[in-house]
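Below: the structure, in structure tokens.
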Amino acid sequence: MAIRLEYINLIIPIKNINLSYPGGFELFRAHHQNKFGEAFWHDAHLFRDGAMNAAEVESLVLFWQQKGLVPYDETDGVKKWRDMCIVESFCTEPTFPCEWLEVDQEDNCVFLRSRPKGRIIGREEMRLFYG
Numbered sequence: 001m002a003i004r005l006e007y008i009n010l011i012i013p014i015k016n017i018n019l020s021y022p023g024g025f026e027l028f029r030a031h032h033q034n035k036f037g038e039a040f041w042h043d044a045h046l047f048r049d050g051a052m053n054a055a056e057v058e059s060l061v062l063f064w065q066q067k068g069l070v071p072y073d074e075t076d077g078v079k080k081w082r083d084m085c086i087v088e089s090f091c092t093e094p095t096f097p098c099e100w101l102e103v104d105q106e107d108n109c110v111f112l113r114s115r116p117k118g119r120i121i122g123r124e125e126m127r128l129f130y131g
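Once you know that position 102 of the sequence shown is 102 in our numbering, the rest is easy, because the numbers rise by one and skip nothing.
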């Protein structure tokens with residue numbers, strides 16, 4: 001499956017949330033149920049949170065950084081996304097290189113590079129799922 005992009009997107013593999021959030025993704029969902037179908041959506045592999053400006057997305061990154069995720073690695077001045085990734089809507093690639101994420105600009109979505117694109121999940125699909 002794939003994640004629809006909207007504005008500025010913070011994408012995190014669910015496996016990273018399972019490792020960093022006490023109680024994993026299931027408890028994270030329970031704690032933030034009201035945001036699924038609004039700012040949050042996900043497929044079986046990736047979670048998406050979103051923002052409309054740089055300051056908002058920085059606060060999202062900081063939240064996950066405080067949970068133990070490492071946003072990026074830097075080697076010789078070159079940054080590369082590690083535990084999360086930021087992608088802007090209708091862009092051809094993430095803001096820094098991201099080895100685990102594939103961007104489909106035509107369909108305005110992202111998906112885990114090691115998996116087929118499949119169905120695209122966005123706000124409406126989450127609203128149907130979470131009611």
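Built from N, CA and C at the ideal position, the CB exists for glycine as well.
Item to complete: Consult DSSP for G77 and reduce its assignment to one of helix, strand or coil.
Response: If you number the sequence shown from 1, residue 77 lands on position 77. It is coil, neither helix nor strand.
Worksheet item: Mind checking whether G37 and I8 have CB atoms under 9 angstroms apart?
Response: In the sequence shown, residue 37 corresponds to position 37, counting from 1. In the sequence shown, residue 8 corresponds to position 8, counting from 1. Result no, Cβ atoms of G37 and I8 do not sit closer than 9 angstroms.
Practice prompt. For H31, count neighbouring C-beta atoms within 10 Å of its own C-beta (all shown protein chains included) and say buried if the count is 16 or more, exposed if not.
Written response: Within the sequence shown, numbered from 1, the residue matching residue 31 stands at position 31. Flag for H31 reads exposed.
Worksheet item: If you draw a straight line from the alpha carbon of M52 to that of G77, how long is it in whole angstroms?
Response: Numbered from its first residue, the sequence shown carries residue 52 at position 52. Numbered from its first residue, the sequence shown carries residue 77 at position 77. The alpha-carbon atoms of M52 and G77 are separated by roughly 27 angstroms.
Fill in: Closest by C-alpha distance to F40, when choosing among Q65, L19, I14, A54
Sequence index remark: in the sequence shown, residue 40 carries index 40 (1-based). When only C-alpha atoms are compared, the closest one is I14.
Worksheet item: What does DSSP give as the partner residues of R4 in its beta bridges?
Response: On the sequence shown, residue 4 is found 4 positions in, with the first residue counted as 1. According to DSSP, R4 bridges with C109.
Fill in: Whole-Å CB distance - I17 paired with I121, under 8 angstroms assumed
Along the sequence shown, read from residue 1 onward, the residue named residue 17 stands at position 17. Along the sequence shown, read from residue 1 onward, the residue named residue 121 stands at position 121. That pair is no contact at about 16 angstroms.
Worksheet entry | L27, enclosing alpha helix (DSSP H) - first and last residue | What you label residue 27 is simply residue 27 of the sequence shown in a count that begins at 1. 24 to 31 is the extent of the alpha helix (DSSP H) around L27.
Worksheet item: Looking at the unbroken alpha helix (DSSP H) that takes in E93, where does it start and where does it end?
Response: Here residue 93 refers to the residue found at position 93 when the sequence shown is read from its first residue. Note, E93: premise wrong, no alpha helix (DSSP H); not H, not E.
Worksheet item: Is it true that the CB of F111 sits closer than 9 angstroms to the CB of E102?
Response: As a first step, residue 102 must be located in the sequence shown, where it is residue number 102. As a first step, residue 111 must be located in the sequence shown, where it is residue number 111. Contact: yes.
Discussion item. Please classify R113 as buried or exposed, where buried requires at least 16 neighbouring CB atoms within 10 angstroms.
Written reply: Working through the sequence shown from its first residue, we reach residue 113 at position 113. Flag for R113 reads exposed.
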